[in-house]
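>
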Amino acid sequence: MKVLFTEKFIKELRPEAGKERFEIADERCPYLYCRVSPLGGKTYAVIKKVQGKTVRVTLGKTNEISLDFARRQAFDCLQKIRQGINPNAEKRALSSEMTLGELFQEYVERYAKEQTSLKTLRDNISLFKRRFSHWSGKRISELQTKQIETLMISLRDKDGISASNKALTLLRHMYNKAIQWGWNGRNPTTGITKYKLASRERFVLPEEFKKLFDAIDGDTDPVHRVFFYALLYTGQRCGNVLEMRWEHINFTNAIWYIPRTKNGTSMSVPLVKQLVFLLKNLKRESVKSDWVFPMGNDATRHMGYPQKAWKRLKQAAGIDNLRMHDLRRTVASYECMNGENLSVVSKTLNHKTLQATQVYARVDTSAVSRALQKTVNFFEQFANQKESF
C-alpha cells in the first residue's frame, strides 16, 4: 500500500486491529516506509530487496525526526546500497567506545523487538532503566566484573534474589550479543553465578477452592471473572492469557491456539467445558474487540495485569500469600496428585526441557485435554458449589 506521506497523515496513523505490525510506503520517496507497532509506535525505515534479500534500515521514530529529514536519510541510504555499502553494517559496527546505553538500544532493535514477546520487551526496557541507567554513559569496555558483583549483592539485599538474578541475566545476554555482533571484548559477567532461588511451592489448597470460587464469582467485572478462571482452567502463563484473541479460539474443537509462548514455540491448549461455557457467555456480553480480555477504556488493546482486582479477590476470599502465577502451579500440582504422567503435566504447562521434549512426541492434546478436564472437575468438587462437566 502506497500513500503520499504528510506530517498530518503520519501523526494520525493508528495500529490496525488484529495486526501485530504493518508497513505503509511513501508515494514520493521510493522504498521509504512507515512501520506501525501494535502499541502505536511509528518508525521510518528504508525497505528494499537487494540480491533477493530484504534489507531493512531503521531511520528513526516519527516523533523524533521530521518527514523531510526521513526522506533525505532514505535517499542517502539508497545511494549507499547502490554503491554496494550495507547501511546496517555501518550502524552495527560495535566498538569499545560504545556505551552501555547504546548497546542496550542495539540489543532492543536487533534482538528484542524481533525475537521476544511484547511483554518481555517491555519488561527488559523497564529492567534496564531501573537497574542500569546509572551506567548508561559508561563505555562497555570499562565495566568491570567487580562492579557488577557489587551491584548484584546490593540488588539482592535491597530487592531480593529474583531481582538480582534477572538483572544479571539481561546484562549477560547483552554482552553475549555484542560479542556475537563483532565486539572483541570480554563479557564482564563471566564467572558471576546467579543466587540459588528456593522453589516456590504455593498452590490453592483443597479447603481454599470454595472461598476462591466465591470471590471470583463475586467480582463485578465479567472480564476479570473469566480471566481468573482462564488462568486456573488452562494452567497457562498470565501473559499468554492476557493476549488471548477470539480468532485463536476454536469453539468447535475446544482449542485455544497460542502463536508464541515464552519458550518461543506455538501451542494448542485444550479448553475444558467449564471455560468454553464462560468464554461463549463473555463473547456475547462484552464489548466488541479482537481481544478476549480488552482494556476497559480502549478495546483495541488487551488489559494489563489486574493486580488491584487480584488483591481485592484475595481479600474477599481471605487467602494470603497466593500469586496469580500460583494458579498455574495449582494445575500442575493437582494433575500430579491425580496420577497424571509427568510428560502430560509438562505438555500442559508447555515446559521446554530436554527430558520433557524427548517424551512430547508420545503425548497428544487429547491426553492433555482429559487431564485438564479431570483436574478442573477435581477443583470444583472441593468447592462443592459447581456442577462438574
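With my numbering as the guide, the letters of the sequence shown map in order to residues 5 to 393. Yeah, the Cβ is synthetic: ideal placement off N, Cα and C, and Gly gets one too.
#1: Would you mind stating whether Glu247 and Asp294 have Cβ atoms separated by less than 8 Å?
#2: Buried or exposed: Gln240, going by 16 or more other Cβ atoms within 10 Å of its Cβ?
#3: Hey, could you find the ends of the alpha helix (DSSP H) Phe255 is sitting in?
#4: Could you compute how far the alpha carbon of Arg316 sits from the alpha carbon of Arg305?
#5: So, using beta-carbon positions, are Lys142 and Leu172 closer together than 8 Å?
#6: Select from Arg25, Phe9, Arg135 the residue whose C-alpha is nearest the C-alpha of Tyr35.
#7: Can you list, in chain order, the residues of its chain with a C-beta nearer than 6 Å to that of Pro91? Leave out the 5 residues immediately preceding and following it.
#8: One question on the structure: do Tyr179 and Asn191 come within less than 8 Å of each other, judged by their Cβ atoms?
#9: Cutting at 7 Å between CB atoms, please list the residues of its own chain near Gly195, excluding the five before and the five after it.
#10: Cβ atoms of Trp314 and Met328: under 8 Å apart, would you say?
#11: To which residues does DSSP link Pro298 through a beta bridge?
#12: Assign Val245 to one of two classes, buried (16 or more other C-beta atoms within 10 Å of its C-beta) or exposed (fewer than that).
#13: For Leu209 and Leu147, what's the separation of their Cα atoms in angstroms?
#14: Can you tell which of Val380, Glu20, Ser272, Ser41 has its C-alpha closest to the C-alpha of Ala258?
#15: Measuring alpha carbon to alpha carbon, tell me which of Lys57, Asn342, Asp223 ends up nearest Lys1.
#16: What would DSSP say about Ile323, mapped onto helix, strand or coil?
#17: Excluding the 5 residues preceding and the 5 following Gln359 in the sequence, name in chain order all residues of the same chain whose CB lies nearer than 7 Å to its CB.
#18: With 16 other CB atoms within 10 Å as the buried threshold, where does Val291 fall?
#19: Per DSSP, which one or two residues make a beta bridge with Thr58?
#20: Based on the DSSP secondary-structure assignment, which residues constitute the bridge partners of Glu101?
#21: From Glu118 to Asn301, what distance separates their C-alpha atoms?
#22: Can you list, in chain order, the residues of its chain with a C-beta nearer than 6 Å to that of Lys6? Leave out the 5 residues immediately preceding and following it.
#23: Express the C-alpha separation of Ala74 and Cys38 in angstroms, rounding to a whole number.
#24: How far does the beta strand (DSSP E) with Glu27 in it reach, from first residue to last?
#25: Mind checking Ile262: buried by the 16 CB within 10 Å criterion, or exposed?
#26: If you draw a straight line from the C-alpha of Gly243 to the C-alpha of Lys123, how long is it?
#27: Less than 8 Å separating the beta-carbons of Ser137 and Arg264?
#28: Given this structure, state the Cα-to-Cα distance separating Lys214 from Asn254, to the nearest angstrom.
#29: When you compare only the Cα positions, how much space is there between Ala234 and Leu279?
#30: Between which two residues does the alpha helix (DSSP H) containing Met178 stretch?
#31: Ile183: buried (16+ other C-beta within 10 angstroms of its C-beta) or exposed?
#32: Just grab the DSSP bridge partners of Arg190 for me.
#33: Beta carbon of Gly189, beta carbon of Ser145: below 8 Å?
#34: Give the secondary structure of Lys196 by DSSP, where H, G and I count as helix, E and B as strand, and everything else as coil.
#35: Looking at C-alpha atoms only, which residue of Ala167, Met156, Gln151, Lys162 is the closest neighbour of Asp127?
#36: Excluding the 5 residues flanking Phe232 on each side, which residues of the same chain have their C-beta closer than 6 Å to its C-beta?
A quick look at the data gives this:
#1: Taking the first residue of the sequence shown as 1, we reach residue 247 at position 243. Taking the first residue of the sequence shown as 1, we reach residue 294 at position 290. No Cβ-Cβ contact shorter than 8 Å links Glu247 with Asp294.
#2: Here residue 240 refers to the residue found at position 236 when the sequence shown is read from its first residue. Buried, because 16 or more other Cβ atoms sit within 10 Å of the Cβ of Gln240.
#3: Here residue 255 refers to the residue found at position 251 when the sequence shown is read from its first residue. Taken as a continuous stretch (DSSP letters only), Phe255 belongs to no alpha helix (DSSP H), as it is neither H nor E.
#4: Counting from 1 along the sequence shown, the entry for residue 316 is found at position 312. Counting from 1 along the sequence shown, the entry for residue 305 is found at position 301. Distance from the CA of Arg316 to the CA of Arg305, rounded to the nearest whole angstrom, comes to 23 Å.
#5: Within the sequence shown, the letter at position 138 stands for residue 142. Within the sequence shown, the letter at position 168 stands for residue 172. No. Outside cutoff.
#6: Within the sequence shown, numbered from 1, the residue matching residue 35 stands at position 31. For Tyr35, the nearest C-alpha among the options comes from Phe9.
#7: Within the sequence shown, numbered from 1, the residue matching residue 91 stands at position 87. Once the five neighbours on either side are set aside, the close Cβ partners of Pro91 are Val61, Cys81, Lys84.
#8: Residue numbering aside, residue 179 sits at position 175 when the sequence shown is read from its first letter. Residue numbering aside, residue 191 sits at position 187 when the sequence shown is read from its first letter. A contact, by the Cβ cut-off of 8 Å.
#9: Translated into positions along the sequence shown, residue 195 becomes position 191. Around Gly195: Thr149.
#10: If you number the sequence shown from 1, residue 328 lands on position 324. If you number the sequence shown from 1, residue 314 lands on position 310. Result yes, Cβ atoms of Met328 and Trp314 sit closer than 8 Å.
#11: Counting from one through the sequence shown, the residue named residue 298 turns up at place 294. Paired residues: His306.
#12: Within the sequence shown, numbered from 1, the residue matching residue 245 stands at position 241. By the 16-neighbour rule on beta-carbons within 10 angstroms, Val245 is buried.
#13: Taking the first residue of the sequence shown as position 1, residue 209 is located at position 205. Taking the first residue of the sequence shown as position 1, residue 147 is located at position 143. Roughly 47 Å separates the two Cα atoms.
#14: Looking up residue 258 in the sequence shown gives position 254. Per the Cα distances, Ser272.
#15: Outside the shown range of the chain, which is 5 to 393, sits residue 1, and nothing can be said about it.
#16: Start at 1 with the first residue of the sequence shown, and residue 323 comes out as number 319. Coil.
#17: Counting from one through the sequence shown, the residue named residue 359 turns up at place 355. Note that Gln359 scores a pLDDT of 47, beneath 50, so its modelled location is shaky; the value from the coordinates is reported in the next line. Correct list: empty, nothing qualifies.
#18: Locating residue 291 in the sequence shown gives position 287, where the first residue counts as 1. Burial call: exposed.
#19: Position 54 of the sequence shown holds residue 58. According to DSSP, Thr58 bridges with Lys53.
#20: Counting from one through the sequence shown, the residue named residue 101 turns up at place 97. BP columns for Glu101 are empty, so no partner.
#21: The sequence position of residue 118 within the sequence shown is 114, counting from 1. The sequence position of residue 301 within the sequence shown is 297, counting from 1. One C-alpha to the other measures close to 28 Å.
#22: Stepping through the sequence shown from its first residue, residue 6 is reached at position 2. Hits under 6 Å: Ala29, Glu31.
#23: Against the sequence shown, residue 38 aligns to sequence position 34. Against the sequence shown, residue 74 aligns to sequence position 70. Approximately 10 Å between the Cα atoms of the pair.
#24: Locating residue 27 in the sequence shown gives position 23, where the first residue counts as 1. Segment 26-30, the beta strand (DSSP E) holding Glu27.
#25: Against the sequence shown, residue 262 aligns to sequence position 258. Result: buried.
#26: For the purposes of this step, residue 243 is taken as the residue at position 239 of the sequence shown. For the purposes of this step, residue 123 is taken as the residue at position 119 of the sequence shown. Looking at the two C-alpha atoms, the distance is approximately 7 Å.
#27: Translated into positions along the sequence shown, residue 137 becomes position 133. Translated into positions along the sequence shown, residue 264 becomes position 260. Cβ atoms of Ser137 and Arg264: not closer than 8 Å.
#28: Along the sequence shown, read from residue 1 onward, the residue named residue 214 stands at position 210. Along the sequence shown, read from residue 1 onward, the residue named residue 254 stands at position 250. Each residue's alpha carbon lies about 30 Å from the other.
#29: Within the sequence shown, numbered from 1, the residue matching residue 234 stands at position 230. Within the sequence shown, numbered from 1, the residue matching residue 279 stands at position 275. Each residue's alpha carbon lies about 7 Å from the other.
#30: To locate residue 178, count along the sequence shown from 1; it is residue 174. Start and end: 165-184.
#31: One-based indexing of the sequence shown puts residue 183 at position 179. So Ile183 counts as exposed.
#32: As a first step, residue 190 must be located in the sequence shown, where it is residue number 186. In the DSSP output, where bridge partners are listed per residue, Arg190 has none listed.
#33: For the purposes of this step, residue 189 is identified with residue 185 of the sequence shown, where counting begins at 1. For the purposes of this step, residue 145 is identified with residue 141 of the sequence shown, where counting begins at 1. Taking 8 Å as the Cβ cut-off, Gly189 and Ser145 qualify as a contacting pair.
#34: Position 192 of the sequence shown, counted from the start, is the residue given in the question as residue 196. Here residue 196 turns out to be Ile, not Lys, going by the sequence shown. Here Ile196 sits in coil by DSSP.
#35: Counted from its first residue, the sequence shown places residue 127 at position 123. It is Ala167 whose Cα lies nearest to the Cα of Asp127.
#36: Stepping through the sequence shown from its first residue, residue 232 is reached at position 228. Here the set comprises Ile220.
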